[in-house]
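Notes to accompany the following structure.
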Amino acid sequence: MPTLDAFIQALHDRDPGALAAVLADDIQLHSPLLDDPIVGREQVVAVLDLLFEKLDTLEYGAELDGGEVRGVRLSASVNGVSMEGVELVHFDADGRVDEVRVQLRPLSGLIALQNVVAPAIGAPVLQLTPISAT
């Protein structure tokens, strides 16, 4: 039966095949980069594979046990910008990952990640714009 450890190992190894093996067919990935969840094993694996390609580093740390929902702390960097976050992971009755919710900070890291992912998915590149004092 798949476990949080197997999921984290597949992510750490950046292994799409191992990742697909632990995901439910109807998995939903809630990304801070998109308004709507990414639904379906093939779609989620494709997006995570894209992230594997774009991220400079990806490390997992402490695990959180919330019963039905498990969590894991993460740190990552892209183009020299560091970020940290949490992935909340839910398992279905068969022990496969059927939902992942990703939280990342700081905003500068999220924008840096969006800037490298957006062109690959056909989305506009975003930027932070300071509000000038009036």
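With our numbering as the guide, the letters of the sequence shown map in order to residues 5 to 138.
We put the CB at the ideal spot given by N, CA and C, even for glycine.
Being a predicted model, the structure only gives us computed values, none of them experimental.
At a Cβ-Cβ threshold of 9 angstroms, R109 and E88 count as neighbours. Assigned with DSSP and collapsed to three states, L55 falls in helix. Contact fails between the stretch 40-48 and the stretch 56-75, because fewer than three Cβ pairs, one in each stretch, are under 8 angstroms apart. It is roughly 10 angstroms from the alpha-carbon of S35 to the alpha-carbon of E91. Taking 8 angstroms as the upper bound for CB-CB distance, L15 and V121 are not in contact here, some 16 angstroms apart. In the DSSP assignment, L37 falls outside any alpha helix (DSSP H), carrying neither H nor E.
Where A14 is concerned, the enclosing alpha helix (DSSP H) starts and stops at 8-16. Exposure of V129 is indicated by the presence of fewer than 16 other C-beta atoms within 10 angstroms of its C-beta.
DSSP places S136 outside both helix and strand once states are collapsed to three, so it counts as coil.
L117 sits in a helix when the DSSP states are folded into three classes. Closest by C-alpha distance to A127, out of L38, F11, D29, is L38. Using a Cβ distance threshold of 9 angstroms, V82 and G65 do not count as a contacting pair.
The residue among T7, P134, V101, Q107 with its C-alpha nearest the C-alpha of A80 is Q107.
Rounded to whole angstroms, L111 and P134 show a C-alpha spacing of 13 angstroms.
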